[in-house]
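Report on the following structure.
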């Protein structure tokens with residue numbers, strides 16, 4: 374009788390979970406990366422229920438910030454329940470979220486001995502390939518988007534520029550966008566420390582500038598596929614980051630790129646990004662095509 378009661382209780386919990394449409398968050402996963410010579414760690418959210426036969430999920434890749442790790446969006450960001458509620462309310466369509474880890478790499482290719490490796494290349498090739506092979510994903514750019522917080526916001530912008538054939542849209546939350554460093558720049562006292570050895574040791578100004586999102590922006594003019602951009606930042610965030618998001622948005626506007634900027638109440642922290650993510654996904658939803666690549 375106790376066994377039957379336990380089974381009944383378990384069935385009730387499962388039924389409630391199914392009724393609520395609760396998704397599943399998995400941690401500690403790895404994607405093989407020949408480019409890096411080591412696996413890429415990631416966490417993933419998959420919605421409930423699974424897609425019907427022949428149907429697929431769009432995928433959103435969400436990047437962490439400085440000192441962060443894979444899965445931050447689901448721990449610090451509490452994204453699983455947030456997505457569950459938005460799906461149950463019909464605010465967003467079913468979609469997968471992948472939260473990979475990249476250390477303090479700034480999401481750039483770094484071939485230096487002891488560096489993080491070719492992260493930019495590995496994410497756009499090995500990670501995407503591994504996710505598409507493992508899950509029922511929409512396997513084309515119209516079914517993929519990328520976003521991130523702070524350092525991850527920069528990484529998302531870089532991925533969208535350098536791999537515009539892979540992602541159809543990008544979302545930057547409080548992106549740590551810093552303009553190229555000029556000769557005798559007053560920021561020279563703190564910029565090298567922020568990027569550690571990512572751009573050489575000692576800090577190589579030319580190398581930093583060459584990989585800078587502001588420097589690379591004109592590439593979008595020549596790109597056959599132009600991703601849509603979304604910038605969100607809190608009004609109590611760092612003033613230089615608020616200005617940088619606005620300047621980047623304005624630069625994209627001048628290039629004729631689809632871009633949106635939203636300044637909301639909040640600071641440079643997860644409580645703000647938790648409030649910003651669903652409006653961003655609502656913006657993204659009509660741009661995603663779950664049927665592409667079939």
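Numbering (the working numbering), first residue to last: 374 to 667.
Note that beta-carbon positions come from the ideal geometry of N, C-alpha and C, so glycine has one too.
Here the structure is a predicted model, which means the values were calculated and not measured.
> With distances taken between CB atoms, is the gap from residue 402 to residue 480 smaller than 8 Å?
Replying inline: Within the chain shown, residue 402 is the residue found at index 29, counting from 1. Within the chain shown, residue 480 is the residue found at index 107, counting from 1. Taking 8 Å as the cut-off, the beta carbon of residue 402 is found no closer than this to the beta carbon of residue 480.
> What do you reckon, are the CB atoms on residue 540 and residue 533 nearer than 8 Å?
Replying inline: Numbered from 1 along the chain shown, position 167 holds the residue referred to as residue 540. Numbered from 1 along the chain shown, position 160 holds the residue referred to as residue 533. Yes. Within cutoff.
> What residues match up with residue 490 in a beta bridge as DSSP calls it?
Replying inline: Here residue 490 refers to the residue found at position 117 of the chain shown. According to DSSP, which records beta bridges pairwise, residue 490 is partnered with 483.
> Exposed or buried, what is residue 397 when buried is set at 16 or more other beta-carbons lying within 10 Å of its beta-carbon?
Replying inline: Start at 1 with the first residue of the chain shown, and residue 397 comes out as number 24. It counts as exposed.
> Taking the alpha-carbon positions, what's the residue 506 to residue 555 distance?
Replying inline: Here the question's residue 506 lines up with position 133 in the chain shown. Here the question's residue 555 lines up with position 182 in the chain shown. Their backbone Cα atoms lie some 44 Å apart in a straight line.
>> Using only CA atoms, which one of 661, 654, 667 lies nearest to residue 458?
In response: The residue you call residue 458 lines up with position 85 of the chain shown. Here the closest residue by C-alpha is 654.
> For residue 434, which three-state DSSP category applies?
Replying inline: One-based indexing of the chain shown puts residue 434 at position 61. In the structure shown, residue 434 sits in a strand (DSSP, three-state: E or B).
>> Taking the straight line between their C-alpha atoms, what separation do you get for residue 437 and residue 543?
In response: By one-based count along the chain shown, residue 437 stands at place 64. By one-based count along the chain shown, residue 543 stands at place 170. One alpha carbon belongs to residue 437, the other to residue 543, and they sit about 14 Å apart.
>> For residue 441 and residue 569, what's the separation of their Cα atoms in angstroms?
In response: For this step, residue 441 is matched to residue 68 along the chain shown. For this step, residue 569 is matched to residue 196 along the chain shown. One C-alpha to the other measures close to 15 Å.
>> On the criterion of 16 or more Cβ atoms from any shown chain inside 10 Å, does residue 561 qualify as buried, or is it exposed?
In response: Indexing the chain shown from 1 puts residue 561 at position 188. Exposed.
> In or out: residue 483 buried (at least 16 other Cβ within 10 Å) or exposed?
Replying inline: Position 110 of the chain shown, counted from the first residue, corresponds to residue 483. When all chains shown are included, residue 483 counts as buried.
>> With a threshold of 8 Å, are at least 3 pairs of Cβ atoms found where one atom belongs to the stretch 614–628 and the other to the stretch 416–430?
In response: Segments in contact, no.
> So residue 547 packs on residue 610, CB below 8 Å; how close in whole Å?
Replying inline: Here residue 547 corresponds to residue number 174 of the chain shown, with the count starting at 1. Here residue 610 corresponds to residue number 237 of the chain shown, with the count starting at 1. So it is a contact: roughly 5 Å between Cβ atoms.
> Should residue 646 go down as buried or exposed, given a rule of 16 or more other Cβ atoms within 10 Å for buried?
Replying inline: For the purposes of this step, residue 646 is taken as residue 273 along the chain shown, with counting starting at 1. Per the 10 Å Cβ criterion, buried.
>> Relative to the C-alpha of residue 475, which candidate in 465, 493, 485, 463 has its C-alpha closest?
In response: Here the question's residue 475 lines up with position 102 in the chain shown. The candidate whose alpha carbon is nearest that of residue 475 is 493.
> Run through DSSP, which three-state label would residue 345 get?
Replying inline: Nothing in the structure corresponds to residue 345, since the chain is present only between 374 and 667.
> If you scan the stretch 539–621 from start to end, which runs of the alpha helix (DSSP H) of 4 or more residues do you find wholly inside it?
Replying inline: For the stretch 539–621, whole alpha helix (DSSP H) runs of length 4 or above, ordered along the chain, are 564–568, 578–583, 586–589, 592–595.
> How close, in whole Å, do the beta carbons of residue 456 and residue 471 come, if the pair is a contact with beta carbons under 8 Å?
Replying inline: Residue numbering aside, residue 456 sits at position 83 when the chain shown is read from its first letter. Residue numbering aside, residue 471 sits at position 98 when the chain shown is read from its first letter. Cβ-Cβ separation between residue 456 and residue 471: approximately 13 Å, too far for a contact (criterion under 8 Å).
> Which residues in the same chain have their Cβ closer than 6 Å to the Cβ of residue 452, if we skip the five residues on either side of it in sequence?
Replying inline: Stepping through the chain shown from its first residue, residue 452 is reached at position 79. Within the same chain, Cβ atoms closer than 6 Å to the Cβ of residue 452 are found at 446, the five residues on either side in sequence being excluded.
> Going by the CB atoms, is the gap between residue 520 and residue 740 shorter than 8 Å?
Replying inline: The structure shown does not extend to residue 740, since the chain spans only 374 to 667, so no value can be given for it.
> So is the beta-carbon of residue 552 under 7 Å away from any non-hydrogen atom of the ligand FMN?
Replying inline: Of ligands this structure carries none, so the ligand FMN is not represented either.
> Since residue 400 is in the beta strand (DSSP E), which residue starts that stretch and which ends it?
Replying inline: Here the question's residue 400 lines up with position 27 in the chain shown. In the DSSP assignment, residue 400 falls within the unbroken beta strand (DSSP E) covering 397–404.
>> With DSSP as the reference, identify every bridge partner of residue 413, one or two as the case may be.
In response: For this step, residue 413 is matched to residue 40 along the chain shown. In DSSP, residue 413 forms a bridge with 404.
> Apart from the five residues on each side of it in sequence, which residues of its chain come closer than 7 Å, Cβ to Cβ, to residue 399?
Replying inline: Residue 399 sits at position 26 when you count from the first residue of the chain shown. Within the same chain, residue 399 has close Cβ partners 416, 417.
> Just to confirm, are residue 587 and residue 632 a CB contact at a threshold of 8 Å?
Replying inline: In the chain shown, residue 587 corresponds to position 214, counting from 1. In the chain shown, residue 632 corresponds to position 259, counting from 1. In this structure, residue 632 does not lie closer than 8 Å to residue 587 by Cβ.
>> Tell me the rounded alpha-carbon separation between residue 640 and residue 575.
In response: As a first step, residue 640 is located in the chain shown; it is residue number 267 there, counting from the start. As a first step, residue 575 is located in the chain shown; it is residue number 202 there, counting from the start. Each residue's alpha carbon lies about 32 Å from the other.
> Does DSSP put residue 422 in a helix, a strand or coil?
Replying inline: Residue mapping note: residue 422 aligns to position 49 of the chain shown, counting from 1. Of the three classes helix, strand and coil, the one that applies to residue 422 here is coil, per DSSP.
> Helix or strand or just coil, what does DSSP make of residue 514?
Replying inline: As a position in the chain shown, residue 514 is number 141, starting the count at 1. Three-state DSSP puts residue 514 in a helix.
> Going by C-alpha distance, which of 523, 567, 605, 525 is nearest residue 651?
Replying inline: The residue labelled residue 651 in the question sits at position 278 within the chain shown. If we check each option's Cα against that of residue 651, 605 comes out closest.
> Under a three-way DSSP split, which group does residue 503 fall into?
Replying inline: Within the chain shown, the letter at position 130 stands for residue 503. Three-state DSSP puts residue 503 in a helix.
> With distances taken from CA atoms, which of 616, 627, 571, 660 is nearest residue 487?
Replying inline: Within the chain shown, the letter at position 114 stands for residue 487. It is 571 whose Cα lies nearest to the Cα of residue 487.
> Between residue 567 and residue 614, what straight-line distance do the alpha-carbon atoms span, to the nearest angstrom?
Replying inline: Taking the chain shown and counting its residues from 1, the one referred to as residue 567 is at position 194. Taking the chain shown and counting its residues from 1, the one referred to as residue 614 is at position 241. Roughly 14 Å between the two C-alpha positions.
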